[in-house]
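I have placed the structure first, in the form of structure tokens, so that the comments after it can refer back to it.
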Amino acid sequence: MKTFIVYNLDTGLPIAVGEALEAEWARFETAEEAEIRAENLIAEEVSL
């Protein structure tokens, strides 16, 4: 598992931090939970 920060592209603010296998999964899971379109999100991998 990798750690990702998911940002909202409209506001530029981070809206989620969590673990996922890929950035796409992080985006889709966050979109589902936050009820935001996945196209408005970007996930960035971070190393801890």
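Using the working numbering, the letters of the sequence shown map in sequence onto residues 35 to 82.
Virtual Cβ for every residue (Gly too), placed ideally from N, Cα, C.
A straight-line Cα-Cα distance of about 10 Å links E58 and L75.
Each residue's CA atom was taken as its position, placing A77 and D44 some 14 Å apart.
The continuous alpha helix (DSSP H) containing E67 extends over residues 57-68. Per DSSP, A72 is not a residue of any beta strand (DSSP E), being assigned neither H nor E.
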